[in-house]
Amino acid sequence: MEYLFTERAHLMCPGMCFGIVLCIKALFEEKRIRDSFSVLAQAHPFLNALIGYERETNAYYYDITDSSKVSIDIKDEELYAPDSPVIMSEYEKITGRDIDLLNEGMLKAAAWKMGANTCFLLVFHHLLADGRGALGLAVELAELYANGKKPGYAPEKLISSAEDLPKNSAMPLISRMLTNKANHDWAKEGHDPLSYREYHEYADKFLKTDKIRHSLRKTESAEVRKMRGECREHSVTVNDLLVARMLISESTDKVIIAADLRDRLPFYNKGALGNYSTAFSIAIKKKSNDEFALAQEVHKRVKSIISKPQQLYLILRCYAALDPALLDAAFMSAKNVFESKSAGFIGNMVFGFASPEGCSITNLGRIDNNIIDSGFFIPPASPAIRKTQGVLTINGEMMICTSER
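In terms of numbering that gives the first Met the number 0, the sequence shown opens at residue 0 and continues consecutively.
Spelled out as C-alpha coordinates, the structure:
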(Lines of atoms letter the chains of each structure in order from A and count residues from 1; the text may use other names and numbers.)
(Lines give C-alpha, C1' and ligand atoms only; values in the text may rest on other atoms or scores of the structure.)
Protein backbone atom coordinates (compact mmCIF):
# COMPACT_ATOMS: atom_id res chain seq x y z
CA MET A 1 0.00 0.00 0.00
CA GLU A 2 1.38 3.42 -0.99
CA TYR A 3 0.83 6.18 1.57
CA LEU A 4 0.94 9.91 0.89
CA PHE A 5 4.22 11.25 2.22
CA THR A 6 5.75 14.22 0.39
CA GLU A 7 2.64 14.07 -1.84
CA ARG A 8 0.54 15.11 1.16
CA ALA A 9 1.37 18.73 0.36
CA HIS A 10 -0.94 18.36 -2.66
CA LEU A 11 -3.85 16.86 -0.72
CA MET A 12 -5.53 19.79 1.05
CA CYS A 13 -4.53 22.43 -1.46
CA PRO A 14 -6.89 23.53 -4.25
CA GLY A 15 -5.76 24.14 -7.81
CA MET A 16 -3.63 21.01 -7.90
CA CYS A 17 -4.90 19.91 -11.31
CA PHE A 18 -3.26 20.29 -14.71
CA GLY A 19 -4.05 19.23 -18.24
CA ILE A 20 -2.52 17.66 -21.32
CA VAL A 21 -4.17 18.05 -24.70
CA LEU A 22 -3.20 15.66 -27.50
CA CYS A 23 -4.59 15.42 -31.02
CA ILE A 24 -3.92 11.90 -32.28
CA LYS A 25 -3.84 10.82 -35.91
CA ALA A 26 -6.57 8.21 -35.62
CA LEU A 27 -10.29 8.23 -36.36
CA PHE A 28 -12.74 8.99 -33.57
CA GLU A 29 -14.31 5.79 -32.22
CA GLU A 30 -16.09 5.77 -28.86
CA LYS A 31 -15.54 2.09 -28.14
CA ARG A 32 -11.84 2.30 -28.90
CA ILE A 33 -11.55 5.34 -26.64
CA ARG A 34 -13.14 3.56 -23.70
CA ASP A 35 -11.22 0.35 -24.34
CA SER A 36 -7.95 2.29 -24.43
CA PHE A 37 -8.49 3.72 -20.95
CA SER A 38 -9.39 0.27 -19.65
CA VAL A 39 -6.09 -1.09 -20.95
CA LEU A 40 -4.18 1.83 -19.41
CA ALA A 41 -5.83 1.12 -16.06
CA GLN A 42 -4.54 -2.47 -16.19
CA ALA A 43 -0.99 -1.13 -16.54
CA HIS A 44 -1.22 1.70 -13.98
CA PRO A 45 -2.71 0.84 -10.56
CA PHE A 46 -3.26 4.48 -9.57
CA LEU A 47 -5.84 4.81 -12.36
CA ASN A 48 -7.95 2.41 -10.27
CA ALA A 49 -7.39 4.30 -7.02
CA LEU A 50 -9.28 6.61 -4.73
CA ILE A 51 -7.63 8.29 -1.76
CA GLY A 52 -8.28 6.38 1.46
CA TYR A 53 -7.93 7.50 5.08
CA GLU A 54 -6.81 5.77 8.27
CA ARG A 55 -8.36 7.62 11.19
CA GLU A 56 -6.17 5.97 13.85
CA THR A 57 -2.91 7.14 12.27
CA ASN A 58 -4.24 10.21 10.43
CA ALA A 59 -2.70 8.75 7.28
CA TYR A 60 -3.93 8.98 3.68
CA TYR A 61 -3.14 6.35 1.08
CA TYR A 62 -3.87 5.24 -2.49
CA ASP A 63 -6.81 2.89 -2.16
CA ILE A 64 -6.43 0.74 -5.27
CA THR A 65 -9.72 -0.89 -6.28
CA ASP A 66 -10.47 -3.59 -8.85
CA SER A 67 -11.88 -1.20 -11.47
CA SER A 68 -10.83 1.93 -13.34
CA LYS A 69 -11.73 5.27 -11.75
CA VAL A 70 -11.02 7.30 -14.89
CA SER A 71 -13.92 9.59 -15.82
CA ILE A 72 -14.45 9.61 -19.62
CA ASP A 73 -16.63 12.19 -21.38
CA ILE A 74 -17.27 11.47 -25.07
CA LYS A 75 -18.22 14.75 -26.75
CA ASP A 76 -20.78 15.01 -29.55
CA GLU A 77 -19.49 18.19 -31.15
CA GLU A 78 -16.65 18.16 -33.65
CA LEU A 79 -13.67 20.46 -33.23
CA TYR A 80 -11.67 21.97 -36.05
CA ALA A 81 -8.49 23.18 -34.37
CA PRO A 82 -6.34 21.88 -31.51
CA ASP A 83 -6.44 25.28 -29.83
CA SER A 84 -10.24 25.47 -29.94
CA PRO A 85 -11.69 27.55 -27.07
CA VAL A 86 -14.03 24.61 -26.40
CA ILE A 87 -11.12 22.61 -25.00
CA MET A 88 -10.06 25.30 -22.54
CA SER A 89 -13.68 25.87 -21.53
CA GLU A 90 -13.98 22.17 -20.73
CA TYR A 91 -10.76 22.29 -18.73
CA GLU A 92 -12.00 25.28 -16.73
CA LYS A 93 -15.30 23.51 -16.10
CA ILE A 94 -13.54 20.41 -14.76
CA THR A 95 -11.11 22.36 -12.59
CA GLY A 96 -13.68 24.91 -11.43
CA ARG A 97 -14.61 22.60 -8.55
CA ASP A 98 -12.56 20.65 -6.05
CA ILE A 99 -12.28 16.96 -6.94
CA ASP A 100 -13.53 14.80 -4.07
CA LEU A 101 -10.54 12.48 -3.91
CA LEU A 102 -12.18 10.13 -1.42
CA ASN A 103 -14.91 9.34 -3.94
CA GLU A 104 -13.57 10.27 -7.39
CA GLY A 105 -10.67 9.11 -9.51
CA MET A 106 -7.71 11.37 -10.21
CA LEU A 107 -7.96 11.46 -14.02
CA LYS A 108 -10.76 13.15 -15.99
CA ALA A 109 -10.75 12.67 -19.76
CA ALA A 110 -12.73 14.24 -22.59
CA ALA A 111 -12.55 13.31 -26.27
CA TRP A 112 -13.68 15.04 -29.48
CA LYS A 113 -13.67 14.23 -33.17
CA MET A 114 -11.35 16.56 -35.12
CA GLY A 115 -11.58 15.69 -38.80
CA ALA A 116 -9.59 12.49 -39.30
CA ASN A 117 -8.03 12.92 -35.84
CA THR A 118 -9.18 12.40 -32.25
CA CYS A 119 -8.49 15.09 -29.67
CA PHE A 120 -8.09 14.21 -26.00
CA LEU A 121 -8.12 16.45 -22.95
CA LEU A 122 -6.60 14.71 -19.94
CA VAL A 123 -7.01 16.45 -16.57
CA PHE A 124 -4.76 15.08 -13.83
CA HIS A 125 -4.82 15.67 -10.12
CA HIS A 126 -1.26 16.18 -8.90
CA LEU A 127 -1.65 13.18 -6.60
CA LEU A 128 -1.93 10.97 -9.67
CA ALA A 129 1.18 12.21 -11.46
CA ASP A 130 3.60 15.03 -11.98
CA GLY A 131 3.83 16.66 -15.40
CA ARG A 132 6.48 14.36 -16.81
CA GLY A 133 4.62 11.24 -15.67
CA ALA A 134 1.38 12.58 -17.09
CA LEU A 135 3.02 13.22 -20.45
CA GLY A 136 4.31 9.65 -20.46
CA LEU A 137 0.79 8.37 -19.86
CA ALA A 138 -0.58 10.62 -22.63
CA VAL A 139 1.97 9.25 -25.11
CA GLU A 140 1.06 5.69 -24.07
CA LEU A 141 -2.58 6.55 -24.77
CA ALA A 142 -1.64 7.84 -28.23
CA GLU A 143 0.37 4.72 -29.09
CA LEU A 144 -2.38 2.46 -27.79
CA TYR A 145 -5.25 4.30 -29.47
CA ALA A 146 -3.57 4.71 -32.84
CA ASN A 147 -1.44 1.56 -33.10
CA GLY A 148 -2.79 -0.83 -30.48
CA LYS A 149 0.54 -0.79 -28.62
CA LYS A 150 -0.16 -1.86 -25.04
CA PRO A 151 1.93 -0.37 -22.23
CA GLY A 152 3.79 -2.64 -19.86
CA TYR A 153 2.73 -2.99 -16.24
CA ALA A 154 4.25 -0.19 -14.14
CA PRO A 155 4.09 -0.83 -10.38
CA GLU A 156 3.85 2.31 -8.27
CA LYS A 157 6.56 3.03 -5.70
CA LEU A 158 6.65 6.50 -4.17
CA ILE A 159 8.86 8.33 -1.70
CA SER A 160 7.66 6.74 1.54
CA SER A 161 9.98 8.19 4.19
CA ALA A 162 12.81 10.66 4.64
CA GLU A 163 15.15 7.70 4.25
CA ASP A 164 14.20 7.53 0.56
CA LEU A 165 15.79 10.94 0.01
CA PRO A 166 19.57 11.19 -0.49
CA LYS A 167 21.48 11.31 2.78
CA ASN A 168 23.43 14.36 1.65
CA SER A 169 20.17 16.31 1.12
CA ALA A 170 19.47 17.02 4.81
CA MET A 171 17.97 20.45 5.39
CA PRO A 172 20.26 23.33 6.33
CA LEU A 173 20.24 24.33 10.01
CA ILE A 174 17.93 27.34 9.63
CA SER A 175 15.35 25.29 7.73
CA ARG A 176 15.46 22.53 10.36
CA MET A 177 14.98 25.12 13.10
CA LEU A 178 11.94 26.63 11.36
CA THR A 179 10.23 23.30 10.71
CA ASN A 180 11.00 22.02 14.21
CA LYS A 181 9.56 25.18 15.73
CA ALA A 182 6.43 24.94 13.56
CA ASN A 183 5.93 21.32 14.62
CA HIS A 184 6.48 22.20 18.29
CA ASP A 185 4.02 25.10 18.14
CA TRP A 186 1.47 22.94 16.30
CA ALA A 187 1.65 20.27 19.00
CA LYS A 188 1.36 22.95 21.67
CA GLU A 189 -1.77 24.36 20.04
CA GLY A 190 -3.42 20.96 20.47
CA HIS A 191 -5.55 20.90 17.32
CA ASP A 192 -7.57 17.96 16.13
CA PRO A 193 -6.56 17.13 12.54
CA LEU A 194 -8.34 19.15 9.87
CA SER A 195 -10.78 16.76 8.20
CA TYR A 196 -10.72 16.25 4.46
CA ARG A 197 -14.46 16.98 4.39
CA GLU A 198 -13.94 20.37 6.03
CA TYR A 199 -11.19 21.19 3.58
CA HIS A 200 -13.17 19.95 0.56
CA GLU A 201 -16.17 22.11 1.43
CA TYR A 202 -14.00 25.21 1.69
CA ALA A 203 -11.91 24.40 -1.40
CA ASP A 204 -15.02 23.99 -3.52
CA LYS A 205 -16.14 27.51 -2.58
CA PHE A 206 -12.64 28.91 -3.05
CA LEU A 207 -12.32 27.60 -6.61
CA LYS A 208 -15.65 29.14 -7.62
CA THR A 209 -14.29 32.61 -6.85
CA ASP A 210 -10.59 32.09 -7.69
CA LYS A 211 -10.83 32.87 -11.37
CA ILE A 212 -7.93 31.79 -13.57
CA ARG A 213 -7.26 33.15 -17.04
CA HIS A 214 -5.64 30.81 -19.55
CA SER A 215 -3.91 31.76 -22.77
CA LEU A 216 -1.98 29.91 -25.48
CA ARG A 217 1.02 30.98 -27.52
CA LYS A 218 2.44 28.96 -30.40
CA THR A 219 6.02 29.10 -31.64
CA GLU A 220 6.36 27.54 -35.08
CA SER A 221 9.03 24.95 -35.81
CA ALA A 222 11.26 27.36 -37.77
CA GLU A 223 11.33 29.84 -34.90
CA VAL A 224 11.99 27.05 -32.39
CA ARG A 225 14.98 25.90 -34.49
CA LYS A 226 16.28 29.46 -34.54
CA MET A 227 15.82 29.74 -30.78
CA ARG A 228 17.71 26.48 -30.20
CA GLY A 229 20.54 27.64 -32.40
CA GLU A 230 20.87 30.93 -30.52
CA CYS A 231 20.79 29.07 -27.21
CA ARG A 232 23.63 26.80 -28.35
CA GLU A 233 25.66 29.86 -29.36
CA HIS A 234 25.24 31.30 -25.86
CA SER A 235 25.72 27.94 -24.05
CA VAL A 236 22.26 28.00 -22.46
CA THR A 237 19.16 25.83 -22.72
CA VAL A 238 15.81 26.86 -24.14
CA ASN A 239 14.41 26.63 -20.63
CA ASP A 240 17.09 29.05 -19.37
CA LEU A 241 15.97 31.49 -22.05
CA LEU A 242 12.27 31.09 -21.15
CA VAL A 243 13.05 31.75 -17.49
CA ALA A 244 15.05 34.84 -18.43
CA ARG A 245 12.18 36.12 -20.55
CA MET A 246 9.77 35.65 -17.64
CA LEU A 247 12.12 37.50 -15.28
CA ILE A 248 12.07 40.40 -17.73
CA SER A 249 8.41 40.39 -18.79
CA GLU A 250 7.08 40.03 -15.24
CA SER A 251 9.56 42.51 -13.73
CA THR A 252 10.39 39.94 -11.07
CA ASP A 253 13.64 38.80 -9.49
CA LYS A 254 12.52 35.21 -8.89
CA VAL A 255 11.01 32.37 -10.93
CA ILE A 256 10.16 28.90 -9.62
CA ILE A 257 11.20 25.96 -11.79
CA ALA A 258 9.93 22.37 -11.67
CA ALA A 259 12.59 19.67 -11.84
CA ASP A 260 12.30 15.95 -12.61
CA LEU A 261 13.97 13.53 -10.17
CA ARG A 262 13.27 10.21 -11.88
CA ASP A 263 16.87 9.52 -12.80
CA ARG A 264 17.97 10.28 -9.23
CA LEU A 265 15.56 8.03 -7.31
CA PRO A 266 16.66 4.37 -7.47
CA PHE A 267 13.24 2.96 -6.55
CA TYR A 268 11.42 4.63 -9.44
CA ASN A 269 9.82 2.08 -11.77
CA LYS A 270 9.87 3.20 -15.39
CA GLY A 271 6.45 4.35 -16.53
CA ALA A 272 5.01 4.58 -13.01
CA LEU A 273 2.68 7.38 -12.04
CA GLY A 274 2.98 9.43 -8.85
CA ASN A 275 5.22 12.37 -8.02
CA TYR A 276 8.94 12.30 -8.73
CA SER A 277 9.50 16.02 -9.08
CA THR A 278 10.61 18.94 -7.00
CA ALA A 279 10.77 22.70 -7.43
CA PHE A 280 13.29 25.40 -6.67
CA SER A 281 13.53 29.13 -7.25
CA ILE A 282 15.98 31.07 -9.37
CA ALA A 283 16.56 34.49 -7.80
CA ILE A 284 18.51 37.07 -9.80
CA LYS A 285 18.80 40.81 -9.38
CA LYS A 286 18.68 41.93 -12.98
CA LYS A 287 21.36 44.34 -14.15
CA SER A 288 19.99 44.58 -17.69
CA ASN A 289 17.23 43.27 -19.92
CA ASP A 290 19.65 41.44 -22.22
CA GLU A 291 17.77 38.11 -22.34
CA PHE A 292 20.78 35.97 -23.29
CA ALA A 293 23.04 37.52 -20.66
CA LEU A 294 20.28 36.85 -18.15
CA ALA A 295 19.80 33.31 -19.50
CA GLN A 296 23.49 32.65 -18.91
CA GLU A 297 23.08 33.74 -15.30
CA VAL A 298 20.00 31.50 -14.99
CA HIS A 299 22.03 28.61 -16.42
CA LYS A 300 24.72 29.08 -13.77
CA ARG A 301 22.14 29.16 -10.97
CA VAL A 302 20.31 26.07 -12.21
CA LYS A 303 23.54 24.13 -12.64
CA SER A 304 24.62 25.10 -9.13
CA ILE A 305 21.32 24.11 -7.50
CA ILE A 306 20.95 20.72 -9.18
CA SER A 307 24.51 19.86 -8.14
CA LYS A 308 23.72 20.51 -4.46
CA PRO A 309 21.24 18.01 -2.98
CA GLN A 310 20.56 20.27 0.01
CA GLN A 311 19.12 22.85 -2.38
CA LEU A 312 17.56 20.51 -4.95
CA TYR A 313 15.61 18.48 -2.37
CA LEU A 314 14.86 21.34 0.03
CA ILE A 315 11.10 21.57 -0.51
CA LEU A 316 10.68 17.78 -0.37
CA ARG A 317 12.68 17.71 2.86
CA CYS A 318 10.39 20.40 4.21
CA TYR A 319 7.29 18.36 3.33
CA ALA A 320 8.86 15.29 4.93
CA ALA A 321 9.80 17.10 8.15
CA LEU A 322 6.49 18.83 8.84
CA ASP A 323 3.77 17.18 10.91
CA PRO A 324 1.27 15.88 8.31
CA ALA A 325 -1.67 17.46 10.16
CA LEU A 326 0.10 20.83 10.14
CA LEU A 327 0.74 20.45 6.41
CA ASP A 328 -2.98 19.72 5.90
CA ALA A 329 -3.95 22.94 7.68
CA ALA A 330 -1.44 25.24 5.98
CA PHE A 331 -3.68 26.48 3.16
CA MET A 332 -6.82 27.09 5.21
CA SER A 333 -4.80 28.75 7.98
CA ALA A 334 -3.18 31.08 5.44
CA LYS A 335 -6.68 32.04 4.35
CA ASN A 336 -7.74 32.64 7.99
CA VAL A 337 -10.33 29.87 7.83
CA PHE A 338 -8.57 27.47 10.21
CA GLU A 339 -7.07 29.19 13.24
CA SER A 340 -3.47 28.13 13.81
CA LYS A 341 -0.43 30.39 14.09
CA SER A 342 1.97 27.57 13.29
CA ALA A 343 0.07 26.35 10.20
CA GLY A 344 -0.48 29.96 9.14
CA PHE A 345 3.25 30.59 9.34
CA ILE A 346 3.98 27.60 7.09
CA GLY A 347 1.16 28.50 4.70
CA ASN A 348 2.24 32.13 4.41
CA MET A 349 6.00 32.24 4.89
CA VAL A 350 6.99 28.90 3.33
CA PHE A 351 4.32 28.35 0.67
CA GLY A 352 3.08 31.90 0.00
CA PHE A 353 -0.64 31.07 0.08
CA ALA A 354 -1.76 34.36 1.62
CA SER A 355 -0.64 36.50 -1.30
CA PRO A 356 0.00 34.66 -4.58
CA GLU A 357 2.72 36.79 -6.14
CA GLY A 358 5.07 34.12 -7.48
CA CYS A 359 5.87 33.22 -11.08
CA SER A 360 6.81 29.76 -12.30
CA ILE A 361 7.63 27.67 -15.36
CA THR A 362 7.16 23.96 -15.92
CA ASN A 363 8.71 22.73 -19.16
CA LEU A 364 7.83 19.13 -20.05
CA GLY A 365 10.44 19.15 -22.79
CA ARG A 366 10.01 17.91 -26.33
CA ILE A 367 8.62 14.83 -27.98
CA ASP A 368 8.69 13.72 -31.61
CA ASN A 369 5.96 11.28 -32.53
CA ASN A 370 4.45 10.66 -35.94
CA ILE A 371 1.03 9.68 -34.59
CA ILE A 372 0.58 12.86 -32.53
CA ASP A 373 -0.54 15.82 -34.60
CA SER A 374 -0.31 18.51 -31.91
CA GLY A 375 -0.89 19.21 -28.26
CA PHE A 376 -0.08 21.35 -25.25
CA PHE A 377 0.30 21.32 -21.47
CA ILE A 378 -1.99 23.33 -19.17
CA PRO A 379 -0.05 24.01 -15.95
CA PRO A 380 -1.64 23.91 -12.48
CA ALA A 381 -2.86 27.16 -10.95
CA SER A 382 -1.32 26.75 -7.50
CA PRO A 383 -2.84 29.16 -4.95
CA ALA A 384 0.72 30.27 -4.16
CA ILE A 385 1.45 31.40 -7.74
CA ARG A 386 0.23 34.45 -9.63
CA LYS A 387 1.36 33.35 -13.07
CA THR A 388 2.71 30.07 -14.39
CA GLN A 389 3.71 28.86 -17.82
CA GLY A 390 3.44 25.30 -19.08
CA VAL A 391 5.71 24.48 -22.01
CA LEU A 392 5.54 21.49 -24.33
CA THR A 393 7.22 21.03 -27.72
CA ILE A 394 5.71 18.44 -30.06
CA ASN A 395 7.28 17.63 -33.42
CA GLY A 396 9.25 20.89 -33.32
CA GLU A 397 6.30 23.17 -32.49
CA MET A 398 6.38 24.79 -29.06
CA MET A 399 3.16 25.64 -27.23
CA ILE A 400 3.21 27.79 -24.08
CA CYS A 401 0.05 27.81 -22.00
CA THR A 402 -0.20 30.44 -19.28
CA SER A 403 -2.37 30.17 -16.18
CA GLU A 404 -2.77 33.53 -14.47
CA ARG A 405 -4.79 35.05 -11.64
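The C-beta atom is built at its ideal place from N, Cα and C for all residues, glycine as well.
Under 8 angstroms by Cβ, that's how I've got residue i and residue j pegged, so tell me the actual separation to the nearest angstrom.
| i | j | result |
| --- | --- | --- |
| residue 100 | residue 126 | 7 angstroms |
| residue 81 | residue 373 | 4 angstroms |
| residue 161 | residue 319 | 5 angstroms |
| residue 150 | residue 157 | In fact, because the Cβ distance is near 19 angstroms, the residues do not count as touching under 8 angstroms. |
| residue 19 | residue 137 | 5 angstroms |
| residue 294 | residue 239 | 4 angstroms |
In whole angstroms, give me the CA-to-CA distance for residue i and residue j.
| i | j | result |
| --- | --- | --- |
| residue 349 | residue 276 | 18 angstroms |
| residue 380 | residue 272 | 21 angstroms |
| residue 340 | residue 301 | 34 angstroms |
| residue 218 | residue 326 | 39 angstroms |
| residue 65 | residue 367 | 34 angstroms |
| residue 103 | residue 289 | 48 angstroms |
| residue 317 | residue 261 | 19 angstroms |
| residue 337 | residue 385 | 23 angstroms |
| residue 122 | residue 112 | 18 angstroms |
| residue 36 | residue 392 | 24 angstroms |
| residue 284 | residue 254 | 12 angstroms |
| residue 331 | residue 57 | 18 angstroms |
| residue 83 | residue 180 | 50 angstroms |
| residue 1 | residue 196 | 22 angstroms |
| residue 41 | residue 174 | 42 angstroms |
| residue 370 | residue 6 | 33 angstroms |
| residue 201 | residue 15 | 15 angstroms |
| residue 247 | residue 229 | 18 angstroms |
| residue 48 | residue 270 | 17 angstroms |
| residue 329 | residue 108 | 30 angstroms |
| residue 274 | residue 115 | 35 angstroms |
| residue 86 | residue 21 | 11 angstroms |
Kindly indicate the opening and closing residues of the beta strand (DSSP E) around residue i.
| i | result |
| --- | --- |
| residue 22 | 16-23 |
| residue 124 | 116-124 |
| residue 385 | 384-393 |
| residue 61 | 58-63 |
| residue 110 | 106-113 |
| residue 305 | It is not in any beta strand (DSSP E) - residue 305 instead sits in the alpha helix (DSSP H) that spans 290-305. |
| residue 415 | Beyond the ends of the chain as shown, which are 0 and 404, falls residue 415; an answer cannot be given. |
| residue 75 | 70-77 |
| residue 403 | 396-403 |
| residue 279 | 276-282 |
On the CB-based measure, 16 or more other CB atoms within 10 Å of its CB, does residue i come out buried or exposed?
| i | result |
| --- | --- |
| residue 323 | buried |
| residue 95 | exposed |
| residue 8 | buried |
| residue 429 | Residue numbering for the chain in the displayed model covers 0 to 404; residue 429 lies beyond these limits and cannot be assessed. |
| residue 68 | buried |
| residue 129 | buried |
| residue 77 | exposed |
| residue 266 | exposed |
| residue 335 | exposed |
| residue 11 | buried |
| residue 245 | buried |
| residue 72 | exposed |
| residue 225 | exposed |
| residue 178 | buried |
| residue 135 | buried |
| residue 354 | exposed |
| residue 359 | buried |
| residue 154 | exposed |
| residue 176 | exposed |
| residue 146 | exposed |
| residue 198 | buried |
Assuming residue i is part of the alpha helix (DSSP H), what are its boundary residues?
| i | result |
| --- | --- |
| residue 100 | Counting along the chain, residue 100 falls outside any alpha helix (DSSP H), and DSSP gives it neither H nor E. |
| residue 230 | 220-232 |
| residue 328 | 323-333 |
| residue 207 | 195-208 |
| residue 319 | 313-320 |
| residue 180 | 172-188 |
| residue 93 | 84-94 |
| residue 341 | 340-344 |
What is the DSSP secondary structure of residue i, counted as helix, strand or coil?
| i | result |
| --- | --- |
| residue 151 | coil |
| residue 45 | helix |
| residue 130 | helix |
| residue 369 | coil |
| residue 252 | coil |
| residue 376 | strand |
| residue 158 | coil |
| residue 32 | helix |
| residue 359 | strand |
| residue 1 | coil |
| residue 144 | helix |
| residue 55 | coil |
| residue 214 | strand |
Does the ligand NAP have even one heavy atom less than 7 angstroms from the beta-carbon of residue i?
| i | result |
| --- | --- |
| residue 243 | This structure lacks the ligand NAP; in fact it carries no ligand of any kind. |
Counting only beta-carbon atoms, is residue i nearer than 8 angstroms to chain B?
| i | result |
| --- | --- |
| residue 133 | Of the chains in the structure shown, none is chain B; there is only one protein chain. |
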